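Numbering (my numbering), first residue to last: 30 to 453. All residues carry an ideal CB built from backbone N, CA and C; glycine is no exception. Computed from a prediction, not measured in an experiment: that's the story for all the values here. See below for the structure under consideration.
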Ligand SMILES: Nc1nc2c(ncn2[C@@H]2O[C@H](COP(=O)(O)OP(=O)(O)O)[C@@H](O)[C@H]2O)c(=O)[nH]1
Ligand SMILES: [Mg+2]
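Spelled out as structure tokens, the structure:
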């Protein structure tokens, strides 16, 4: 999965990106070694406790494992993740994050990075627009003392992105419009559905997106009969309905630490809205990496490791951060990414293993892989994600919890442990 951060300059995209992709785990070890400069890996806590907790309980009750000792740095976790980590049975799983700079007026007409910018957006599975909830920047991102009306400026800021996307989709529609219209003449409304579906598959459109967009459009404009006669305004409105389906946009109302009240309540979005404090998240993760504090992303507090090693200014800064963090229930940075990945995109974490009893791989590592996959993915499709040979030779799968044999169409759910049998 790939989540894109987008927004006007100076809202905090790069800060958000750095914070979310800064992890103690060794990112250089990540199997995708050559990724573009603006792409990073964010590790997020799996929604459920790692199955290594169940495994530990089973081993303990069989007398094959001692109970967790007080000084266990992994606080009971016994899995051996190939990527990410697991402490206290909180398993971290990877997702790609992209810092998509270049939202400028007229991108849809080729200004700035133009089409490169738009195709970056199209390559993401979900978009988070970072906006300035403190009102410290104008619409072009220039720093200012403060805008007069933050709610109005937030509305303008979000409308700016959707307007660019609408214009871009409109231009794609215009491109083949006479061909699309001819299909409606020949096949009726179904012709338009097929035309749109084909035209926008490259942007991730499926049939249900197209049908839902047409539903909304029909409610506003009535029957789809003579598209060749539609005024520009009506074609643009079709672009609007398509964009709503193709590009749900989640909002990070950033700089929440400096915001007055909750101006993000005024934002209307077709995605989630979450106040965030990206620079605090970055400061906390850096302080944690350097051993000054102990902080887990998503938490609403942290511990100072050794106060005697800090100077009064550091202690002051940390205690003011602690207060703000407690007030807001966390910085929102990791929380928003989790909500987007697990709730909006409806993804789950599945653990493929080679041994359905010991939950190990072929080399004896416990639960080494955690795959982030669409909820309800079929066993055979999961097999393909593990390895194409496993998919091609798929025979059956075994549910590691119930030990039940399941077929290729078995739907996998969150936290499943699955053994796949394949012809070799
Ligand atoms: N007050 C406040 N400032 C922030 C926050 N996040 C980022 N900034 C500041 O906003 C400015 C622009 O940040 P940057 O990440 O470079 O923005 P980008 O242009 O969108 O990538 C920098 O001075 C950051 O320190 C935040 O949560 N609160
Ligand atoms: Mg930047």
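Residue i and residue j closer than 8 Å at C-beta
i           : j           : result
residue 327 : residue 300 : no
residue 399 : residue 391 : no
residue 271 : residue 298 : no
residue 67  : residue 116 : no
residue 166 : residue 362 : no
residue 45  : residue 307 : yes
residue 154 : residue 30  : yes
residue 354 : residue 333 : no
residue 314 : residue 51  : yes
residue 224 : residue 209 : yes
residue 32  : residue 184 : no
residue 84  : residue 388 : yes
residue 145 : residue 195 : no
residue 310 : residue 130 : no
residue 304 : residue 367 : no
residue 385 : residue 433 : no
residue 420 : residue 453 : no
Residue i, DSSP secondary structure in three states
i           : result
residue 60  : Any reading at residue 60 must be qualified, since the residue scores a pLDDT of 45, below 50, and its modelled position is unreliable; no value is offered.
residue 161 : strand
residue 371 : helix
residue 168 : coil
residue 355 : helix
residue 299 : coil
residue 54  : Any answer about residue 54 is weak, because its pLDDT of 43 lies below 50 and its placement is not dependable; what the coordinates show is given next. Three-state DSSP puts residue 54 in coil, outside helix and strand.
residue 380 : strand
residue 248 : helix
residue 264 : helix
residue 345 : helix
residue 282 : strand
residue 389 : strand
residue 33  : strand
residue 362 : helix
residue 256 : helix
residue 292 : helix
residue 110 : coil
residue 434 : strand
residue 395 : strand
residue 340 : coil
residue 143 : helix
residue 92  : coil
residue 209 : helix
Residue of the options minimising C-alpha distance to residue i
i           : options            : result
residue 235 : 222, 247, 175      : 222
residue 276 : 248, 200, 447, 373 : 373
residue 370 : 335, 279, 354, 197 : 279
residue 330 : 90, 101, 317, 351  : 351
residue 425 : 386, 189, 451, 95  : 451
residue 108 : 397, 446, 441, 401 : 397
residue 141 : 211, 255, 357, 193 : 193
residue 199 : 184, 273, 213      : 273
residue 405 : 377, 420, 417, 419 : 377
residue 427 : 401, 130, 441, 215 : 441
residue 216 : 197, 188, 254, 240 : 254
residue 135 : 92, 105, 114, 189  : 189
residue 231 : 75, 151, 175       : 151
residue 292 : 446, 133, 186, 367 : 186
residue 446 : 79, 37, 321        : 79
residue 364 : 37, 75, 43         : 75
residue 401 : 69, 418, 123, 175  : 123
residue 157 : 381, 249, 375, 34  : 34
residue 212 : 257, 250, 197      : 257
residue 181 : 248, 294, 444, 395 : 294
Opposing strand residues paired with residue i [DSSP bridges]
i           : result
residue 440 : 407
residue 27  : No answer is possible for residue 27: it lies beyond the span of the chain, which begins at 30 and ends at 453.
residue 120 : 115
residue 70  : 125
residue 323 : 332
residue 155 : 32
residue 423 : 451
residue 402 : 377
residue 304 : 282
Closer than 7 Å: residue i CB and nearest ligand 3 heavy atom
i           : result
residue 145 : Although ligand 3 was asked about, the structure shown includes only ligand 1 and ligand 2 as ligands.
Exercise. Assess, as a yes-or-no matter, whether the region 146-164 is touched by the region 282-298 under the definition of 3 or more beta carbon pairs within less than 8 Å.
Key: Contact holds between the region 282-298 and the region 146-164, because three or more Cβ pairs, one in each stretch, are under 8 Å apart.
Practice problem: Tell me, please, whether the region 258-273 touches the region 197-209 by the rule of three or more beta-carbon pairs shorter than 8 Å. | Solution: They touch, by the three-pair rule.
Quiz item: Does the region 405-418 come close enough to the region 430-440 that 3 or more CB-CB pairs lie under 8 Å?
Solution: Proximity of the region 430-440 to the region 405-418 meets the contact definition, three or more beta-carbon pairs being nearer than 8 Å.
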